[in-house]
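Inspection log for the structure reproduced underneath, given as structure tokens.
In full-length UniProt numbering, the protein residues as written are 1 to 721.
Structure representation (structure tokens):
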């Protein structure tokens, strides 16, 4: 074991990480490289290829290893128990990267901040292959690089280098140094030319470019740690402040005509302010089309008109305690559409309304009419299949409608997507100006929605959870279209520029309302097992059973505490070690001890079943005090099962030979929502969802009138207080 591994592990153990958490952070068993293993994996790669780092990074003095370690090695951003943790460590205890690893980490951070995810992977792979020139093991290297790129990105994320690079890149856009958004694909060759000059050219000190993006990329690299790199604009009135030791990147006067600068309309990857997403509309390049910028006004109007939208999370899931053979594992969001206008739009505008919105109110109807009038949108074709063409053929209508549509959906999704755990103040949208992709995505989601009249509400719209997750990842997490195409009903999260996860992935699936939430996180995605960015749940291992004994029978008097244990369970993401290690399980622990590892989908299923049962089953008990009258001749009894009884994936069950008839098992999970979710899912798997409802349901005493009761295969009650 290397010294860096030992010091990292010791530091993490001291701040509350378990050995299992550390194994996950290190990517154990997943054929990946993470921030904890970057140094050793990079060294092993160079040793295997018999290459010295000085022959790869030929320019000397690019990085100061000691200065970088002191600057970036003291403040780590880690993910524990569903939250970001700021971990302060001594620089002397952090991993000492080599010159090669530091250089690639800084370049990775700058490229990750400035490129779309797919372009980032492709370009960094090509650049790294170019570093190795004509090495005979190029094919081997190509297959290995994906893991190493993940390691450099992981290191940059955990050590906050990537946060700094993103901030610098977006600030340069706001200052007008480069157009807003990611560098277009057509500047790929120019980026490679710049990086080759930076790392390989030992003779030339100057690099001249007409691309404002390359100029900005150099500024980002300078500010995050590339030594002696300077920039200068050729048309600047000031004299260049550099000498012979400096590397200088010069932006020529032709920059205003460069490919990246003039292609602002084709750029994608928009920074979305979390508190005011409409601010991104300030940057819409509108001068050639209209005299004023209406895009922000339309975005705000879309937001305002989406405020009444309310989502209700429901499951058409395998119901552990019901007799519905048609149930499945799909989850949906129900939206009440009773606010829809009685005066529907007609013609092509009506088809637009039906294809992109949950329902249309009177205000929305008027807004769409106004947009069509102001842009002189008069499509000749009334064919529903020609809707997209009709929109995109009129550039004015396309732009204004897109701004309005985005405002509507950013607001609608804001009630589902929790962004409070973000450290950054910005999310990422994968769209660009006059972009058909967001229209295609939203249209597909609406077209696959169920419009039914047999919901719990009168009428409404049903959206599949994975469709909503796909759309939210595109609009907020910077997930490109080629990634989200692979999302299916199993998906519980997406790892892109940011991570977006279902509540159950964080152990937050503690009620139906909570289970429907999605969480946006700016964390190191390598700590989340995934298949090329798609998070898939693993398989819940079977829980063993152990019957209770009669010594556990307690009288439900005022001395019985229903608080269970003083602390709720913690929840940690782990690989499914026993099956597919690229899939995820949630490890529930009580004070550090493992209770059980569960599929996040199983947690969703059981919490939906539990709350649905509470909603649909009227309580037979009258309202009144929870306290039992101690003068009653026979106070009710229960097998009081301590939480500790479930440690090690063991479920307490009735004793077939000795259980007293009608006496329930009582699990004290009051005020312990994670524990309740975990134990519900454990019972579901232990009993193989074979519970049977009795002819006469168990009647809880007043002290347990709000308890949820499920039944085992012999219809014996198990009560969750």
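Ideal Cβ placement from N, Cα and C applies to all residues, glycine included.
Q) Is residue 86 helix, strand or coil by DSSP? A) Position 86 of the chain shown, counted from the first residue, corresponds to residue 86. It is a strand residue.
Q) So the beta strand (DSSP E) residue 112 belongs to, where does it begin and stop? A) Position 112 of the chain shown, counted from the start, is the residue given in the question as residue 112. Not the beta strand (DSSP E): residue 112 falls in the alpha helix (DSSP H), residues 99-114.
Q | Cβ neighbours of residue 477 in the same chain (closer than 8 angstroms, five flanking residues each side left out) | A | Translated into the one-based positions of the chain shown, residue 477 becomes position 477. Contacts found: 427, 428, 494, 496, 497, 498, 499, 500, 520.
Q: Please report how far the alpha carbon of residue 627 lies from the alpha carbon of residue 664, in whole angstroms.
A: As a first step, residue 627 is located in the chain shown; it is residue number 627 there, counting from the start. As a first step, residue 664 is located in the chain shown; it is residue number 664 there, counting from the start. The predicted position of residue 627 is uncertain, since its pLDDT is 41 and thus under 50; no value can be drawn from it.
Q.
Measuring only the C-alpha atoms, how far is residue 408 from residue 467?
A. Counting from one through the chain shown, the residue named residue 408 turns up at place 408. Counting from one through the chain shown, the residue named residue 467 turns up at place 467. When rounded, the distance between both Cα atoms is 17 angstroms.
(Q) Against chain D, does residue 662 count as a neighbour if the rule is that its beta carbon must be under 8 angstroms from one of theirs? (A) Of the protein chains in this structure there is only one, and it is not chain D.
**Q.** 3 or more residues per run - each beta strand (DSSP E) lying fully within the stretch 199-255
**A.** 206-209, 229-233, 247-251
Q: Go through its chain and collect everything with a Cβ distance to residue 337's Cβ below 7 angstroms, but skip five positions before and after it.
A: Residue mapping note: residue 337 aligns to position 337 of the chain shown, counting from 1. Here the set comprises 358, 359, 459, 460, 461.
Q) If we call anything under 8 angstroms between Cβ atoms a contact, is residue 675 one with residue 556? A) The residue you call residue 675 lines up with position 675 of the chain shown. The residue you call residue 556 lines up with position 556 of the chain shown. No.
Q | Under the three-state DSSP convention, the category residue 270 falls into | A | Working through the chain shown from its first residue, we reach residue 270 at position 270. Three-state result, residue 270: strand.
Q: Please work out which residues of its chain come closer than 6 angstroms, Cβ to Cβ, to residue 536, disregarding the five sequence neighbours upstream and downstream, and give them in chain order.
A: Residue numbering aside, residue 536 sits at position 536 when the chain shown is read from its first letter. Excluding positions up to five away in sequence, the list reads 490, 583.
**Q.** Where the alpha helix (DSSP H) through residue 410 begins and ends
**A.** On the chain shown, residue 410 is found 410 positions in, with the first residue counted as 1. Start and end: 395-414.
**Q.** residue 637 - partner residues in DSSP beta bridges
**A.** The residue given as residue 637 occupies position 637 in the chain shown. Paired residues: 555.
Q: Decide yes or no for the touch test of the stretch 161-180 against the stretch 105-113: beta carbon pairs closer than 8 angstroms, at least 3 of them.
A: By the Cβ criterion, the stretch 161-180 is in contact with the stretch 105-113, since at least three pairs of Cβ atoms, one from each stretch, lie closer than 8 angstroms.
**Q.** Length of the line joining the Cα atoms of residue 718 and residue 652
**A.** Translated into positions along the chain shown, residue 718 becomes position 718. Translated into positions along the chain shown, residue 652 becomes position 652. The alpha-carbon atoms of residue 718 and residue 652 are separated by roughly 10 angstroms.
Q) Do residue 505 and residue 600 have their C-beta atoms within less than 8 angstroms of each other? A) Residue mapping note: residue 505 aligns to position 505 of the chain shown, counting from 1. Residue mapping note: residue 600 aligns to position 600 of the chain shown, counting from 1. Closer than 8 angstroms, so yes.
Q: Output the distance between the C-alpha atoms of residue 136 and residue 107, rounded to the nearest integer angstrom.
A: Reading the chain shown from its first residue, position 136 is the one you call residue 136. Reading the chain shown from its first residue, position 107 is the one you call residue 107. Those two C-alpha atoms are separated by around 25 angstroms.
Q | Bridge-paired residues (DSSP) for residue 536 | A | Walking along the chain shown from the start, residue 536 turns up at place 536. In DSSP, residue 536 forms no bridge with anything.
Q.
Can you tell me whether residue 2 is buried or exposed? The criterion is at least 16 other CB atoms within 10 Å of its CB, across all chains shown.
A. Counted from its first residue, the chain shown places residue 2 at position 2. Here the model assigns residue 2 a pLDDT of 43, short of 50, so the residue's position is not dependable, and the following value carries that caveat. Residue 2 is exposed by the Cβ-count criterion.
Q | Nearest candidate by alpha-carbon position, reference residue 402, set 101, 654, 278, 345 | A | On the chain shown, residue 402 is found 402 positions in, with the first residue counted as 1. With distances taken between Cα atoms, residue 402 lies closest to 278.
**Q.** Assigned secondary structure, residue 351 (DSSP; H/G/I helix, E/B strand, else coil)
**A.** In the chain shown, the residue the question calls residue 351 occupies position 351. Note: residue 351 maps to helix in three-state DSSP.
Q. Three-state secondary structure (DSSP) at residue 597?
A. Residue mapping note: residue 597 aligns to position 597 of the chain shown, counting from 1. Here residue 597 sits in strand by DSSP.
(Q) Please state whether the Cβ-Cβ distance between residue 154 and residue 99 is less than 8 angstroms. (A) Against the chain shown, residue 154 aligns to sequence position 154. Against the chain shown, residue 99 aligns to sequence position 99. Cβ atoms of residue 154 and residue 99: not closer than 8 angstroms.
Q: Tell me where the beta strand (DSSP E) around residue 430 begins and ends.
A: As a working mapping, residue 430 is identified with position 430 in the chain shown. Its beta strand (DSSP E) spans residues 426-432.
Q: Using a threshold of 8 angstroms, state whether the C-beta atoms of residue 125 and residue 156 are closer than that.
A: Taking the first residue of the chain shown as position 1, residue 125 is located at position 125. Taking the first residue of the chain shown as position 1, residue 156 is located at position 156. Cβ atoms of residue 125 and residue 156: not closer than 8 angstroms.
Q | Where residue 709 falls, given that 16 or more other Cβ within 10 Å makes a residue buried | A | Counting from one through the chain shown, the residue named residue 709 turns up at place 709. Buried, because 16 or more other Cβ atoms sit within 10 Å of the Cβ of residue 709.
Q: Using DSSP bridges, identify the partner residues of residue 75.
A: If you number the chain shown from 1, residue 75 lands on position 75. Bridge partners of residue 75 according to DSSP: 88.
Q | Span separating the alpha-carbon of residue 266 from that of residue 115 | A | Looking up residue 266 in the chain shown gives position 266. Looking up residue 115 in the chain shown gives position 115. Answer to the nearest angstrom: the Cα atoms are 13 angstroms apart.
Q: Would you tell me roughly how many angstroms separate the C-alpha atoms of residue 581 and residue 648, rounded to the nearest one?
A: Here residue 581 refers to the residue found at position 581 of the chain shown. Here residue 648 refers to the residue found at position 648 of the chain shown. Whole-angstrom Cα-Cα distance: 21 angstroms.
Q) In this structure, does DSSP put residue 315 in helix, strand or coil? A) Within the chain shown, residue 315 is the residue found at index 315, counting from 1. In the structure shown, residue 315 sits in a strand (DSSP, three-state: E or B).
Q) Per DSSP, residue 499 forms a beta bridge with which residues? A) Indexing the chain shown from 1 puts residue 499 at position 499. In the DSSP output, where bridge partners are listed per residue, residue 499 has 495, 521.
Q | Burial state of residue 543 (16 or more Cβ within 10 Å) | A | In the chain shown, the residue the question calls residue 543 occupies position 543. Counting Cβ neighbours within 10 Å, residue 543 comes out buried, since at least 16 surround it.
Q: Compare the beta carbon distance of residue 571 and residue 82 with 8 angstroms and say whether it is the shorter of the two.
A: Here residue 571 refers to the residue found at position 571 of the chain shown. Here residue 82 refers to the residue found at position 82 of the chain shown. In this structure, residue 82 lies closer than 8 angstroms to residue 571 by Cβ.
(Q) Quick check on the burial criterion: 16 or more other C-beta atoms within 10 angstroms. Buried or exposed for residue 404? (A) Here residue 404 refers to the residue found at position 404 when the chain shown is read from its first residue. By the neighbour-count criterion, in which a residue is buried when 16 or more other Cβ atoms sit within 10 angstroms of its Cβ, residue 404 is buried.
Q: Could you have a look at residue 423 and say whether DSSP puts it in helix, strand or coil?
A: Start at 1 with the first residue of the chain shown, and residue 423 comes out as number 423. Coil.
Q. Going along the chain, which residues of its own chain have a beta-carbon closer than 6 angstroms to the beta-carbon of residue 438, five neighbours each way excluded?
A. Taking the chain shown and counting its residues from 1, the one referred to as residue 438 is at position 438. For residue 438, where only same-chain residues beyond five positions count, the Cβ hits under 6 angstroms are 431.
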